[in-house]
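First up is the structure itself, then whatever we jot down about it.
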Amino acid sequence: MRAFFNNLNGLLFCLITMVTLDAYADSEASGSIAQKTDVNLAAELLQLNARLQLLEEDLLYPASSRVAVYLSMDLGELFALDAVTLKLNGKDITHHLYTERQVNALYKGGVQKLYVGNAKQGMNRLTAFFTGQGPHDRDYKRATTLEFEQSFEPVFVELLVTDDTASQQPEFVATVF
Amino acid sequence: MYGQIRFLWVLCVLFAQSAWAAQAPLTRDSLPMKHALYLHWQGEYAAAYRAAEYYQLRGFYSPELRLAQASASLELGYLAHGRELINDLDEGSLLPEHQSRLHLYLARDAYRRRDWILLDEHLEALKLLVLPTPFFAENRHYRFLLAESARKNGRYGEAEAVLGQLGKGDVYLFYGRFNLATSLIDASVAASKRASPKSASAKLDTSRQEAKRLLQSLINLPARDLEQLMLTERARVALADLYLADNEWEAARPLLSKVSASLQYGPPALARLARLDMQAERYENAAAIWDHLLQMYPWHRAATAAPSGLGYAMLQSRGEEAAYGTYVTALAKIEAQQRRLVTFRQQLEKNLRDPKWMLGQDDSELSLLKWLAEGLGHSDWTTWLADESVRQSAQHWQSLDAAYDRLQERQQDLAILLTVDAEQQRRIKSARAAINEDDLDQLTVALIQGVRNKLSNLQSRRYEITDNLEAFASHEEQVLLDTLKQLQTSTLGQTESKRIERLIGLIRFQIYDAIPVRKQQQVELLEVRLRAARKAEQRIARINAAALRLPQADSVSARIQLLATDTESLSRRTELALGLARDTLIASMSEFIDRDEALLAAQANGLQYDITRLLDQQYVAVEAVR
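Chains as they are written, first to last, in numbering that gives the first Met the number 0: chain A, 0 to 176; chain B, 0 to 625.
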C-alpha cells in the first residue's frame with residue numbers, strides 16, 4: 000500500500016503539466032456545427048429585432064413628426080447626474096433615473112437615446128430638467144429649454160451636460176444637430 | 000473557461016474604453032457609434048449589437064460602428080460571427096488607432112485559437128502601426144499577449160521582463176507567471192529527453208529552480224480578489240507538487256496547509272496532505288484528512304483514493320477491525336450512491352422531453368436535477384455541473400429556449416403593428432376622401448386669399464378719411480343708424496328731420512373718432528382668421544403628404560409581412576436547434592452520470608480489493624497460529 004502512495008508522488012510531477020497552461024485558450028475551435036448554427040440564430044434574432052425597431056419607429060413616429068432626444072456629457076466633473084425629466088410643449092414625455100453604470104457610460108463618452116416620439120408641425124418647446132449633485136455635493140436642479148421647428152424632416156436634439164471651468168458650475172445645453 | 004470569458008470581457012471593455020468615443024460635438028455621423036458604446040459600456044451587449052444593426056439599417060455606416068458591433072458580438076460569445084464582422088472591415092478605411100484596435104482584436108482571437116503564428120503576425124503589425132502611443136504602450140492586454148508570444152517561442156527571459164511591466168495587482172501577472180513556470184518545466188522535460196543525461200539533468204535542475212522561483216513570486220503577490228486568490232492557490236499546489244516530486248516533503252507541507260479547504264484547490268491540497276501524513280506514518284492525521292475529504296467532497300476526483308486511503312490509515316493506526324469497519328461502511332455508502340445513480344438515469348429517461356421542468360426556472364427553484372444532485376451527495380447541483388458539458392448544454396438550451404420565447408413575442412408585436420398600420424391607412428384615406436368630397440383644399444385657399452385681400456385693403460386705408468364710415472360702425476351704432484334713416488324716410492315734419500340728421504351726424508362723428516382703434520381691431524381679427532386658415536392649410540398639406548405616402552405605407556405592410564415570414568422561419572429553425580440542444584443536454588447528462596458511475600465503480604473495486612486483502616491477511620494469520 001505504501002508503495003502505491005509512493006508511486007503517486009511520481010505522478011504528481013506529471014500532474015503539474017496537466018494544470019491549465021494556456022489559461023485563456025478556449026474550446027471554440029472544437030465547437031460543434033450545431034453550436035455555431037445556434038450562434039447564427041442568436042445573431043439573426045438580434046438583427047430581426049433591429050429591423051422590427053426600425054419598422055416600429057417608421058410606423059409610430061413618421062419622419063415628418065419624429066423627434067429624438069439624446070443625452071451626452073462632456074467632463075461632467077461638476078455634476079453627478081441622478082435624473083432627467085423631459086417636457087415637450089408643457090407635457091411630461093419622459094423621466095429617467097440613472098444607475099451608476101449608465102452615468103459611467105456617459106462619462107466615457109457614450110450617448111444615451113433618451114426619447115423618441117412625435118412633435119407637432121411648427122414650433123415646439125422642449126424643456127429638460129436635470130437633477131443631481133452639483134459642486135460641493137449640493138443638491139442641484141436645473142432646466143434648459145429649446146425651441147425648435149418641426150418640419151417634414153426628423154429632428155435630433157442633443158442635451159449636453161458640460162462643465163464651465165471659469166464659473167466652476169455645470170452647464171446644460173440643448174441643441175438641434 | 001471562466002478565465003477565458005473574463006479575459007474576453009476585460010479586453011473588450013478596455014478596448015472600448017480608449018479614445019474611441021473621444022469627446023467631440025455630437026454629429027449625426029458620430030451618434031450611432033457613441034450610442035452603441037453607451038450600451039456596450041453598461042454591459043448591454045445585445046442592445047449594443049442591435050443598436051449598431053439598427054443604425055446601419057438606417058443608412059449610418061462607419062467602420063468604427065462595425066467594429067463596435069463586432070466587439071458586442073464577441074462579448075455575446077458569437078465568436079465566429081464577430082470574426083466575420085471584423086473580416087468584412089476594410090482596414091484601410093480605419094483610422095490608425097482603430098487599425099491598432101482591429102489588430103489587437105485579431106491577435107486576441109488568434110491567441111484564443113492558439114494560432115501562435117497569426118498572433119505573432121498581428122503583434123508585429125501592431126508594432127509597425129502606431130506604437131508607441133500612450134494607449135498601446137501602457138496596454139496591459141497587449142503586454143500579456145506579447146509575453147505569451149515570447150513564452151511560446153521559448154524566449155522565457157523576454158516573457159518575464161514583459162510581465163514585469165504589469166502592475167502587481169494585475170491578474171495577467173498571475174496568469175502569465177503561472178504559464179511561464181509550466182512552460183519552463185515542459186521545456187526542461189523535453190530537453191532531458193533529447194540531451195545527454197548529465198547536461199539534461201543540469202538543464203532540468205535550472206529550469207525547475209526557475210519554475211519554483213516564479214511560482215513562489217506568484218504566491219507572494221497580494222491577492223486582491225477571489226480570482227487572484229484562486230490563482231495563488233493553484234500556484235501553491237503546483238509548487239508543492241514540484242517539491243513532492245523532488246522528495247522535499249517538508250517544503251511542500253506549509254504550502255498545502257495554506258490552501259483554503261473550502262475553495263477549488265482545497266480537495267487536491269487535502270489529498271496531498273493526507274499522502275504526506277501517510278509518508279510520515281502519521282496515520283491518525285491522515286485518517287482524519289481522508290475522512291474530511293470524503294465527507295466534504297465525495298465526488299471530487301481528488302477523493303477517488305480517499306476510501307482506500309482512509310481504510311489503510313485506520314488499519315495502521317487502529318488495527319484490522321477498525322479498518323474492516325471503515326471499508327465496509329464506505330462500500331455500503333458507495334453502493335447506495337450507485338443505486339441513486341440508477342434512479343437518476345431512470346428519472347432522466349422518464350422526463351426526457353421536458354428539460355424546463357428538469358432544470359427549473361432558475362438555480363434557486365427546486366427541480367429534479369437539484370433534488371438528484373443533493374440525493375447523490377453533491378452539495379449543490381450547479382457546483383456539480385460546473386465546468387462540465389452538462390452545465391454548458393443546459394445554458395445553451397436555456398438561451399435557445401429564451402430566444403424561442405422572444406420570437407413568439409415578436410410575432411405578437413408584428414400582429415399589433417399590422418393593426419396599427421391598417422388603422423393609419425384607413426384614417427388617412429378617410430381624411431383624404433373628406434377633403435376631396437367637400438373641396439376643402441380649394442375652399443381653404445380661397446378663404447386665405449379673401450382674408451389676405453381684406454387685410455391688405457384695410458391696411459392700405461388705415462390713414463385715409465373714408466367715405467364709408469359705416470363700415471367701421473359697431474353693431475349697436477349700425478342699428479341706430481338704420482332706425483334713424485328709416486324714420487327720416489317717413490313723413491315727418493322739418494324740425495324732426497333736422498333733429499334726426501343731427502343725431503345721424505353725431506353717430507357718424509362718434510364712428511369717425513373711433514376709426515383708428517376699430518381698424519386696428521379689424522386687422523387683428525383678420526390676422527387671427529388668417530392664422531387659423533393657414534393652420535387648416537397645413538393640416539390639409541399633411542393629410543395630402545400622408546396620402547402621397549400611401550404607396551410607402553403599402554411597403555410598410557410588405558415589410559411587416561416580410562418580417563413575419565422571417566420571424567416564423569427563425570422560430571422554426573430555433574425550435575429545431577432547441578430539439579438538438581435538448582438531445583445534447585440529455586446526452587451530456589448521461590455522460591456525466593457515466594463518469595460518476597465509473598468513479599463509484601473504481602472506488603468500489605478498490606474497496607473490495609482492500610477488504611479481500613484484509614480478510615486474506617487475517618486468514619493467513621489464523622492459519623499461521625494453527
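We put the beta carbon where it would ideally sit given N, CA and C, even for glycine. If you're wondering where the values come from, they're calculated on a predicted model, not measured in any experiment.
Just checking: is the beta-carbon of B/Gln41 within a distance shorter than 7 angstroms of some beta-carbon in chain A? At a cut-off of 7 angstroms between C-beta atoms, B/Gln41 counts as an interface residue with respect to chain A.
Identity of the residues DSSP links to A/Tyr114 by a beta bridge: Beta-bridge pairing by DSSP links A/Tyr114 to A/Val68.
For chain B, is any of its Cβ atoms less than 7 angstroms away from the one on A/Lys140? Residue contact check for A/Lys140 against chain B: no CB pair falls below 7 angstroms.
Whole-angstrom C-beta distance between B/Leu406 and A/Leu44, which should lie under 8 angstroms: Going by Cβ atoms, the distance from A/Leu44 to B/Leu406 rounds to 7 angstroms, so yes, they are a contact pair.
Is it buried or exposed for A/Leu96, if we count other Cβ within 10 angstroms and need 16 for buried? A/Leu96 sits exposed, since fewer than 16 C-beta atoms from the chains shown fall within 10 Å of its C-beta.
Check whether chain B comes within 7 angstroms of A/Gly109, counting only Cβ atoms and requiring the distance to be less than that. Proximity of A/Gly109 to chain B, defined by a Cβ-Cβ separation below 7 angstroms, is satisfied.
Does A/Gln168 come out as helix, strand or coil in the three-state DSSP assignment? A/Gln168: strand per DSSP, three-state reduction.
Can you list the alpha helix (DSSP H) stretches of 4 or more residues lying completely in the stretch 466-547 of chain B, in chain order? Taking 4 residues as the shortest admissible run, the stretch 466-547 of chain B contains the following complete alpha helix (DSSP H) segments, listed from N- to C-terminal end: 474-488 and 493-547.
Taking just the CA atoms, how far does B/Ala322 sit from B/Tyr311? Distance between B/Tyr311 and B/Ala322, taken at the CA atoms: about 7 angstroms.
Taking 7 angstroms as the cut-off, decide whether the C-beta atoms of B/Leu217 and B/Ala237 are in contact. No; because the gap between Cβ atoms is not below 7 angstroms, this pair is not in contact.
Measuring alpha carbon to alpha carbon, tell me which of B/Arg107, B/Ile610, B/Ala285 and B/Lys518 ends up nearest B/Ala331. Out of B/Arg107, B/Ile610, B/Ala285 and B/Lys518, B/Ile610 has the C-alpha closest to the C-alpha of B/Ala331.
Sub-7 angstroms separation of B/Leu614 and B/Ala393 beta-carbons: In this structure, B/Ala393 does not lie closer than 7 angstroms to B/Leu614 by Cβ.
Which residues in chain B have a C-beta closer than 8 angstroms to the C-beta of A/Leu58? List them in chain order. Those within 8 angstroms of A/Leu58 in chain B are Leu416, Val419, Asp420, Gln423 and Val555.
Please report how far the alpha carbon of B/Leu399 lies from the alpha carbon of A/Ala41, in whole angstroms. Taking C-alpha positions only, B/Leu399 is separated from A/Ala41 by approximately 8 angstroms.
I want to know whether the stretch 33-48 of chain B touches the stretch 106-113 of chain A - three or more CB-CB distances under 8 angstroms. Touching, yes.
Answer yes or no: does any C-beta atom of chain B fall closer than 7 angstroms to that of A/Arg50? At a cut-off of 7 angstroms between beta carbons, A/Arg50 contacts chain B.
Strictly below 9 angstroms CB to CB, what residues from chain A border B/His140? Within chain A, no residue comes near B/His140; the closest Cβ sits about 11 angstroms away, beyond 9 angstroms.
Let me know if B/Ala401 comes out buried or exposed under the rule of 16 or more other beta-carbons within 10 Å of its beta-carbon. The residue in question, B/Ala401, is exposed, as its Cβ has fewer than 16 Cβ neighbours within 10 Å.
Rounded Cβ spacing between A/Phe125 and A/Phe147 (contact assumed at less than 8 angstroms): The sequence given here places Leu at residue 125 of chain A; Phe does not occur at that position. A/Leu125 to A/Phe147, Cβ: 7 angstroms. Contact.
A/Lys86, DSSP secondary structure in three states: DSSP places A/Lys86 within a strand segment (E or B) once states are collapsed to three.
How many angstroms separate the CA atom of B/Asn138 from the CA atom of A/Gly121? The alpha-carbon atoms of B/Asn138 and A/Gly121 are separated by roughly 51 angstroms.
So what does DSSP say about A/Leu97, is it helix, strand or coil? The sequence shown places Tyr at residue 97 of chain A, rather than the Leu named in the question. In the three-state scheme derived from DSSP, where H, G and I count as helix and E and B as strand, A/Tyr97 is classed as coil.
Please classify A/Ala165 as buried or exposed, where buried requires at least 16 neighbouring CB atoms within 10 angstroms. Exposed, by the Cβ-count rule.
8 angstroms CB neighbourhood of B/Asp420 in its chain, flanking five on each side removed: Taken in chain order, the residues that qualify are Ala552, Val555, Ser556 and Ile559.
Would B/Tyr155 be called buried (16 or more neighbouring beta carbons within 10 Å of its own) or exposed? Burial call: buried.
Report the residue from B/Asp119, B/Leu127, B/Gly153 and B/Gly166 whose alpha carbon sits nearest the alpha carbon of B/Leu633. Outside the displayed range of chain B (0 to 625) lies residue 633 of chain B, so it cannot be described from this structure.
With a threshold of 7 angstroms between beta-carbons, can B/Thr627 be considered close to chain A, or not? Chain B is shown only over 0 to 625; residue 627 of chain B falls outside these bounds and no answer can be derived.
Alpha carbon to alpha carbon, how far is B/Ala432 from B/Gln448? Taking the CA atoms as reference points, B/Ala432 sits about 24 angstroms from B/Gln448.
So B/Leu562 contacts chain A; which residues on that side make the cut at Cβ distance below 9 angstroms? The answer, in chain order, is Leu47, Arg50, Leu51 and Leu54.
Whose CA, out of B/Lys151, B/His140 and B/Ala180, lies closest to the CA of B/Tyr171? Taking only the C-alpha atoms, the option nearest B/Tyr171 is B/His140.
State the DSSP-derived secondary structure class of B/Glu596, mapped to helix, strand or coil. Reduced to three states, the DSSP call for B/Glu596 is helix.
Would you call the CB atoms of A/Ala127 and A/Leu87 closer than 7 angstroms? Contact: no.
Indicate whether the contact test is met: 3 or more Cβ pairs, each with one atom in the stretch 53-62 of chain B and one in the stretch 73-87 of chain B, closer than 8 angstroms. Flag = no, the stretch 53-62 of chain B and the stretch 73-87 of chain B do not touch.
Kindly indicate which three-state DSSP category A/Glu27 falls into: helix, strand or coil? For A/Glu27, the predicted model reports a pLDDT of 34, less than 50, meaning its position is unreliable and no value from the coordinates is stated.
Please go through the same chain and pick out, in chain order, the residues whose beta-carbon is closer than 7 angstroms to the beta-carbon of B/Arg176, but skip the five residues on each side of it. Counting only Cβ-Cβ distances below 7 angstroms, and skipping sequence neighbours, we find Leu162, Leu213, Ser216 and Leu217.
Determine contact between the stretch 439-454 of chain B and the stretch 527-542 of chain B, defined as no fewer than three beta-carbon pairs at a distance below 8 angstroms. Cβ pair count under 8 angstroms is three or more, so yes.
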